[in-house]
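Enquirer: Shown below is the structure under consideration.
Numbering (the working numbering), first residue to last: 576 to 1029.
Here it is in structure tokens:
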């Protein structure tokens, strides 16, 4: 358990994670201060009340002076550790950790941590369902929407935390050590933050940094950019594969999801065709979840039954409605080109694609080239709209239009569609140019779709 009683702790970033960190630190006796780029009038009333009640020093819209001293600084995910005042504090002796590390320090029980560019949310939710169905005291948290710190104090010795962990969160770990870690895949993302792929991969690979021979590392055998990392891991490596038969791990054999255990025994789980979640990428997610649950000792019957009944997560290939033979599918969580392409591949029939948003320095040519004949039209919005349109025209795709907002995009997409088509929101970009988060973007898409024809 971390000891912060009487220590001066600065929490940087007052989103969900920052607020959860405050609420965890205060009962432990920390003398909290807060910093955020937002001004005081932009904070929620409940947060302001918490700050005033505890007489916290505030640095809102500003930064602490170099002369200010803190015993510890807790960074919210997304706050760059390279910021000047953070580096200054580090040089003067402040301990710098992230919200994920704080949660690890105060939680009990066992921890499953899942990372990767795509599939984290679906896999985390699926693993959580398997553990709950097995009767385990289970907490599903992390980058999935609920800060790990917000539930850490509730955990007991027999609890399991199933945590979706992002590269931003892993940047600031210190002693963080999952009992089971999983690295699903890697593809270009957040290059506005990392600058290059090796730096991005390095941040994610920290997930197994502190593991030992008593722990497990679940890794995608098919992803040649990350599987070689297993040689650096001290934990027991258990791969999964959609295309190869493995000597150890989870894979597909004759249409069945199977796992070969450490004794070489082949254990059948269920037929691939019995999965409710569509697409090859979701088969990979199911294989990863199978491997995680199996090494955790979950009964095979529970794993199989959950795989057959799990319907997916909100904002990821989420069916919204059908109107005049046209389906509307919300994939707002498709925040990079690889995730968006997986959604396009999973949808049957022709697609009217709504895309665009915040620019993470992504390139779009290969994404557009991979459309084949599935995407009939693109309806674009946000900061990257012009960039995507130019990339499309460079690749010979001329059926794209730029519109000002989601309502216009949904209306126009429906007008362009014919019966049997799918209007798919899969932006290939983050949401931060027009929305606070991908969830807000997805909800707006759904509400716009539901209003059509009324």
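Cβ atoms here follow ideal geometry from the backbone N, Cα and C, with glycine treated the same way. Keep in mind that this is a model prediction, so the values were computed, not measured.
Just list the beta strand (DSSP E) runs in the segment 657-703, keeping only unbroken ones of 3 residues or longer that don't cross its boundaries, in chain order.
Expert: You should have 670-673, 685-690.
Enquirer: Decide if residue 773 is buried, meaning its Cβ has at least 16 other Cβ atoms within 10 Å, or exposed.
Expert: Under this definition residue 773 is an exposed residue.
Enquirer: Could you round the C-beta distance between residue 709 and residue 852 to whole angstroms and report it? I think they count as a contact, below 8 Å.
Expert: 19 Å between Cβ atoms; not a contact.
Enquirer: Per DSSP, which one or two residues make a beta bridge with residue 713?
Expert: BP columns for residue 713 point to 735.
Enquirer: Evaluate residue 818 with the Cβ neighbour count: other Cβ atoms within 10 Å of its Cβ, from every protein chain shown; 16 or more gives buried, anything less gives exposed.
Expert: Residue 818 comes out exposed.
Enquirer: Can you tell me whether residue 997 is helix, strand or coil according to DSSP?
Expert: If DSSP states are grouped into helix, strand and coil, residue 997 belongs with the strands.
Enquirer: What does residue 814 pair with, by DSSP beta-bridge criteria?
Expert: BP columns for residue 814 point to 794.
Enquirer: Please list the terminal residues of the continuous alpha helix (DSSP H) segment that includes residue 832.
Expert: From DSSP, residue 832 is part of no alpha helix (DSSP H) but of the beta strand (DSSP E) over 831-835.
Enquirer: Any contact between the segment 736-749 and the segment 668-676? By contact I mean 3 or more CB pairs, one from each, below 8 Å.
Expert: Yes, the segment 736-749 is in contact with the segment 668-676.
Enquirer: Which of helix, strand or coil does DSSP assign to residue 1010?
Expert: Residue 1010: coil per DSSP, three-state reduction.
Enquirer: For residue 936, count the other beta carbons within 10 Å of its own beta carbon; 16 or more makes it buried, fewer makes it exposed. Which is it?
Expert: Per the 10 Å Cβ criterion, exposed.
Enquirer: Per the contact definition of three or more C-beta pairs closer than 8 Å, is the segment 925-944 in contact with the segment 712-719?
Expert: Touching, no, given that fewer than three Cβ pairs across the two stretches are closer than 8 Å.
Enquirer: Between which two residues does the alpha helix (DSSP H) holding residue 964 run?
Expert: That run of the alpha helix (DSSP H) goes 960-969.
Enquirer: With DSSP run on the structure shown, which of helix, strand or coil describes residue 756?
Expert: DSSP places residue 756 in strand when its eight states are reduced to three.
Enquirer: Could you tell me the alpha carbon to alpha carbon distance between residue 1012 and residue 763, rounded to whole angstroms?
Expert: C-alpha separation (whole angstroms): 20 Å.
Enquirer: State the Cα-Cα distance for the pair residue 843 and residue 999, rounded to the nearest angstrom.
Expert: Those two C-alpha atoms are separated by around 35 Å.
Enquirer: Give me the Cβ distance between residue 588 and residue 654, rounded to the nearest whole Å; I'm assuming they're in contact under 8 Å.
Expert: Rounded, the Cβ-Cβ distance is 5 Å, consistent with contact.
Enquirer: Pull up the CB-CB distance for residue 933 and residue 913, whole angstroms please, since I reckon it's below 8 Å.
Expert: Incorrect: roughly 16 Å between the Cβ atoms, too far for contact.
Enquirer: Between the Cα of residue 881 and the Cα atoms of 891, 892, 890, 868, which residue gives the shortest distance?
Expert: Here the closest residue by C-alpha is 868.
Enquirer: My parser needs the alpha helix (DSSP H) runs of 4 or more residues fully inside the segment 582-633; what are they?
Expert: You should have 591-600, 620-628.
Enquirer: Using a Cβ-Cβ cut-off of 7 Å (strictly less than) and excluding sequence neighbours within five positions of residue 667, which residues of its own chain qualify?
Expert: Hits under 7 Å: 644.
Enquirer: Rounded to the nearest angstrom, what separates residue 777 and residue 944 at their Cα positions?
Expert: So the alpha carbons of these two residues sit roughly 29 Å apart.
Enquirer: When you compare only the Cα positions, how much space is there between residue 805 and residue 628?
Expert: So the two alpha carbons sit approximately 48 Å from each other.
Enquirer: From residue 969 to residue 1003, what distance separates their C-alpha atoms?
Expert: Spanning the two alpha carbons is a distance of roughly 18 Å.
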